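Structure first, commentary second.
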Amino acid sequence: MPKENLAGQTIAGYSIEELVGEGGTSVVYRATHPQHGTVAFKALRDKMRQDKTALARFTREANFGKRVIHPNVIRTIETGQVDGIPYLVIEWAGGDLLENYAKKNAPMPRAEVAHVVMQIADAVGAAHQSGIVHRDLKPDNAMYDHATGTLKLLDFGIAAATDTSQDERLTRAGYFVGTLMYVAPEALSGALVTPAADQYSLATIAYLLLTGTLPYLAKSPREMFTQLLSQPPIPLNKARAGLDFGPRVEAVMMKGLSREPGDRYPDVLTFARELRDALTDTSATGAAAPAPSPGATAPAPSPGATAPGEGGLLSRMKGLFGR
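Counting in numbering that gives the first Met the number 0, the sequence shown runs from 0 upward without gaps.
Here it is, written out as C-alpha cells:
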C-alpha cells in the first residue's frame, strides 16, 4: 500500500473508503459523507505539494469547478486543505463514460446523438458564460447514463480562463494541451485558444457518435499533427460505407470542423442547435425520430451496453485524475 494512501482515514468529515485512481500529481478515492453521500475525493500527492505549478493547476481546477454550475456539469462539492493536504470533492456520477458507450453503440441513432450533443453544448456553454474554455472535450470526459439520457461533463483540470494572459498561463508556449484526436488545429502551437476550440472538439465528438470513426485517420501522432494542420477532415458522408446523412447534416458538421476558428459557428450552442435541427429533420435523407425532450427517458440500452452505476466513474478515474 502506498505510503500516502489515505484509505481508512476521515478527512474533513469524509470517510475515505477506497483508492480508485492515481496519477503523477494526485490520487482519488471513493468516499462517503453524512450529508453528501458517495463522492469522489481527490488529493494532491505529497511530493507535489511544494510544486508551485502543480499546486496552481490543482487550485485552478477547483476554482473552475466551483464557477461552472450547471445540471450537465459534475458538481464540485467542496475544496479545502487539511493537515497540509489540498483536496477537491466532486459528486459521484452514475452511468458510463461516453467513450465506452460509443465504442459499443456507435454509429448511434440520430436523435440520441442530437440529445447528447445538446447536453454537452449546454454544459460547455455554461463554462463559456463563466469565462472558461474547457480545452479537453472528448468522450472520455463525459459520463452518460443511457437509462435516463443524462450526461455530465467532467474534468476542468486543463481548462483556461478566457482572460488569462501569456504571463499567467501554466502551459509553455509551443506546447499544446488536450487530446490530439479532439484538439482544435489552432491549439497545436500552444497558443491561448478561444471558445471556438471547444466547438471544434464537440464537432469531433458528434462525428464519432454518428459514424463510429473520427474525421482524421492518422496512424501516428506525427501524422495526425500534419493532417490537422494541412488537410480537411473526411466529409461526414464519406466517413463510413453505408452511412448517408444528407447534405444538411454534413454541412453543419463540416462547418463545426472548420480549420479556421472564424469559419465555425458564432458559439457552441449555435452549432449544437443547428446539428440537432438537421439530425431531426424528417424531410432529410434518412429521416430520424424527434430528439428526446430535456429530461426524457432514453430508449432501453442496446445489447452489450453498460448498465448505469458506479463502474463507469471507477473506470474513468485513472484518466480523469491522472495529473
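Yeah, the Cβ is synthetic: ideal placement off N, Cα and C, and Gly gets one too.
For clarity, every value in this text was computed on a predicted model and none was experimentally measured.
{"Check": "Three or more C-beta pairs under 8 Å: does that hold for the segment 99-113 against the segment 59-70?", "Outcome": "no"}
{"Check": "Just the Cα atoms here: how many angstroms apart are K41 and S25?", "Outcome": "7 Å"}
{"Check": "Between which two residues does the alpha helix (DSSP H) holding F63 run?", "Outcome": "51-66"}
{"Check": "Return the residue from the list L54, G94, S229, L96 that minimises the CA-CA distance to Q80.", "Outcome": "L54"}
{"Check": "Determine the DSSP secondary structure at Y181, reduced to helix, strand or coil.", "Outcome": "coil"}
{"Check": "Looking only at its own chain, which residues have a Cβ that is under 8 Å from the Cβ of M180, when we skip the five neighbours before and after it?", "Outcome": "K137, T203, L213, Y215, M223"}
{"Check": "Reducing DSSP to helix, strand and coil, say where G130 ends up.", "Outcome": "coil"}
{"Check": "Can you find the residues in the same chain that come closer than 6 Å, C-beta to C-beta, to T75, ignoring five residues on each side of it along the sequence?", "Outcome": "G64, K65, I89"}
{"Check": "Where does I73 fall in DSSP's three states?", "Outcome": "coil"}
{"Check": "Based on DSSP bridge pairs, tell me the residues matched to P85.", "Outcome": "Q80"}
{"Check": "Just the Cα atoms here: how many angstroms apart are G127 and T149?", "Outcome": "Here the sequence assigns His to residue 127, which means Gly is not the residue at that position. The alpha-carbon atoms of H127 and T149 are separated by roughly 21 Å."}
{"Check": "Where does H114 fall in DSSP's three states?", "Outcome": "helix"}
{"Check": "When we look at the beta-carbon of Q198 and count the other beta-carbons within 10 Å, is it buried (16 or more) or exposed?", "Outcome": "buried"}
{"Check": "Name the two residues that bound the continuous beta strand (DSSP E) containing A25.", "Outcome": "The amino acid at residue 25 is misidentified as Ala; the sequence shows Ser. First-last of the beta strand (DSSP E) with S25: 25-32."}
{"Check": "If we require 4 or more residues per run, which alpha helix (DSSP H) segments fall completely within the segment 228-284?", "Outcome": "245-255, 267-278"}
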